[in-house]
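For reference, the structure is listed below as C-alpha cells.
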Amino acid sequence: MAVQRTFSIIKPDATKRNLTGAITAKFEEAGLRVVASKRIRMTMEQAQTFYAVHKDRPFFGELCEFMISEPIVVQVLEGEDAIAKNREVMGATNPADAAEGTIRKEFALSIGENSVHGSDGPDTAAEEIAYFFSGLEIVG
Ligand code: ADP
Ligand code: MG
C-alpha cells in the first residue's frame, strides 16, 4: 500500500476538553504524520457544505450546530495506508461500538459528539483536504 494523505478534524467536544494533544499523539503513535494543522472556527455555511452528504439525515441540523459550537483543529495526516489506518485509530462512529484503545472509545461522549472526523476514501480525502488547505500549507 502506498503513502497516502487523509483529512482529520479534532471536533468541538475534544478541543473544549483540551484533548488536541492526546488525540494527535494517537495519530503519531499509529505512524501517521501531521503534515498540516490549524485551529479554526467553522462557519455554519462551511459545516453544511462539508457535511452535505448527510443533509437529509435527521441529525444534520444537530451535527452542524455542534461543529460550529467551539473551535476545531483540521489536519492532514500522511502515512502508509493513511486513510484506513486513521479510520482504525478513530474507532467506530458510535463510541459504544468502538474497539479498545481507539480515540472514540477513550474520548468520545456520544455518537454525535465523537471527537474526530476522518475521510472515508481517497476521493473524499482529496476533496476535504482541498476544502480546508492550500498546497503551501501542507509540508510533508
Ligand atoms: P463517521 O464520522 O464515522 O464517518 P458518518 O459519516 O456516518 O460517521 O457521520 C458523520 C458524523 O455525523 C458522525 O461522526 C457523528 O458526529 C454524526 N452522526 C452520525 N450518526 C449520528 C446519529 N445517529 N446521531 C447523531 N449524530 C450522528
Ligand atoms: Mg463519515
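Just so we're aligned, residue 34 is where the sequence shown starts under my numbering, counting upward by one. We put the CB at the ideal spot given by N, CA and C, even for glycine.
(message) Taking the alpha-carbon of Phe60 as reference, which of Arg137, Phe93, Glu146 and Val172 has the nearest alpha-carbon?
(response) The residue labelled residue 60 in the question sits at position 27 within the sequence shown. The option with the nearest alpha carbon to Phe60 is Arg137.
(message) Once the 5 residues before and after Ala131 are set aside, which same chain residues still bring their CB inside 6 Å of it?
(response) For the purposes of this step, residue 131 is taken as the residue at position 98 of the sequence shown. So the list reads Gly124, Ala125, Arg137 and Lys138, once near-sequence residues are dropped.
(request) Check whether the Cβ atoms of Asp46 and Leu142 lie closer than 8 Å to each other. (result) The residue given as residue 46 occupies position 13 in the sequence shown. The residue given as residue 142 occupies position 109 in the sequence shown. In contact: Asp46 and Leu142 (Cβ atoms closer than 8 Å).
(request) Determine the extent of the beta strand (DSSP E) in which Leu110 is found, giving its start and end residues. (result) As a working note, residue 110 is residue 77 in the sequence shown. It spans Ile105 to Glu113 - the beta strand (DSSP E) in which Leu110 sits, taken as one unbroken run.
(message) Taking a contact to mean a Cβ-Cβ separation below 8 Å, would you say Lys118 touches Ala58 in this structure?
(response) Position 85 of the sequence shown, counted from the first residue, corresponds to residue 118. Position 25 of the sequence shown, counted from the first residue, corresponds to residue 58. No, they are not a contact pair.
(request) Answer yes or no: do Ile43 and Val122 have a C-beta to C-beta separation smaller than 8 Å? (result) Taking the sequence shown and counting its residues from 1, the one referred to as residue 43 is at position 10. Taking the sequence shown and counting its residues from 1, the one referred to as residue 122 is at position 89. Taking 8 Å as the Cβ cut-off, Ile43 and Val122 do not qualify as a contacting pair.
(message) Mapping the DSSP letters down to three states, classify Ala117 as helix, strand or coil.
(response) For the purposes of this step, residue 117 is taken as the residue at position 84 of the sequence shown. Residue state, collapsed to three classes: helix.
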